[in-house]
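Numbering (our numbering), first residue to last: 5 to 185. C-beta: ideal position from N, C-alpha, C; glycine also. Worksheet for the structure shown next.
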C-alpha cells in the first residue's frame, strides 16, 4: 500500500512528507509561543506582530508549504488547531482561532481509483478569515470558504460556504444566526 502511495505522489513528495513529519517533532519541542512565531517565519509563513501561537498541528505540507500560511497582526491560535497547508490560509488582523479548530484547504477521498472519486473529485482551495473574527472551539472551516470581517463562528460549527461579515454563525452546516451590527 505504501508503494502505491509513493508511485502516485512521487519520490519528491514522499521525501517532503518525511520532512513534514520531522518538522512536527520540532514544533512539539517549541514550548513558548514566540518560538513558534519565529520558526514559522523562518519556514516562510507570514506572521504579523503580536501573534500568540499555541501548539498547533499541520498536514499536507508536502503539497504546499508554510508560505501558504499568513497570519495578520495580533492573531491568537489555540492549542491543537489543525492547518491544512495544501493551499493558502489567510487570517486577517485580530483573528482568534480557538482550540481544536480545523481549517481544511483540500478535499481528497483517496486514491485516484477510489469509487467516490468521480462524485467528489480532489480539489484545493484557499481559506480566508477576515479581520476581527472569532472561530469557536472545535469548529471546522472547509476548503474555499471566505469568512468576512467581524464574524463570530460558534463552537462546533461546520463552515462549508462563504459568510459575509459582522454576523454570528453556528450549526452543521453553519448558518447565520444574527447580525452583529
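Quiz prompt | Below-7 Å beta-carbon distance, residue 169 vs any chain C residue | solution = Absent from the structure: chain C. Only one protein chain is present.
- request: Could you say if the stretch 145-155 and the stretch 163-183 meet the contact criterion of at least three C-beta pairs nearer than 8 Å?
  value: yes
Next on the checklist: Looking at the secondary structure, which residues open and close the alpha helix (DSSP H) in which residue 38 lies?
Outcome noted: Element bounds for residue 38: 37-46.
Apart from the five residues just before and just after residue 113, which ones in its own chain have a Cβ nearer than 7 Å to its Cβ? In chain order, 120, 121, 124 place their CB closer than 7 Å to the CB of residue 113, counting only its own chain and leaving out the 5 sequence neighbours on each side.
- For residue 112, which of helix, strand or coil comes out of DSSP? Residue 112 falls in the coil class under three-state DSSP.
Which residues bound the beta strand (DSSP E) around residue 183? 179-183
Q: Out of 173, 140, 134, 143, state which residue places its alpha-carbon closest to the alpha-carbon of residue 76.
A: 134
For this session: Please classify residue 52: does DSSP put it in a helix, a strand, or coil?
Result: DSSP places residue 52 in coil when its eight states are reduced to three.
Buried versus exposed, by CB contacts within 10 Å (16 or more), residue 138
By the 10 Å Cβ count, residue 138 comes out buried.
Three-way DSSP call (helix, strand, coil) for residue 84 in this model
coil
Review point. So the beta strand (DSSP E) residue 94 belongs to, where does it begin and stop?
Key: 93-95
Return the Cβ separation of residue 57 and residue 40 in integer angstroms, given the expectation that the two are a contact with Cβ distance under 8 Å.
4 Å
Practice task
Check each candidate in 153, 130, 131, 102 and name the one with the smallest Cα separation from residue 170.
Solution key: 153
task: Apply the 10 Å Cβ neighbour rule to residue 131 and answer buried if 16 or more other Cβ atoms are within range, or exposed otherwise.
output: Classification of residue 131: buried, given that the 10 Å Cβ count is 16 or more.
Point to revise | Opening and closing residue of the beta strand (DSSP E) in which residue 133 lies | key: 131-133
Hey, residue 90 and residue 106 are a contact pair by Cβ (cut 8 Å); roughly how many whole angstroms apart?
Actually they are not in contact, since the Cβ atoms of residue 90 and residue 106 sit about 13 Å apart, beyond 8 Å.
Check your understanding: When the Cα of residue 83 is compared with those of 60, 99, 69, 66, which residue comes out closest?
Key -> 60
> Given that a residue counts as buried once 16 or more other Cβ atoms are within 10 Å of its Cβ, and exposed if not, what is residue 176?
Replying inline: exposed
message = I'd like to confirm the pairing. Which residues does DSSP put opposite residue 157 in its beta bridges?
response = Paired residues: 139, 173.
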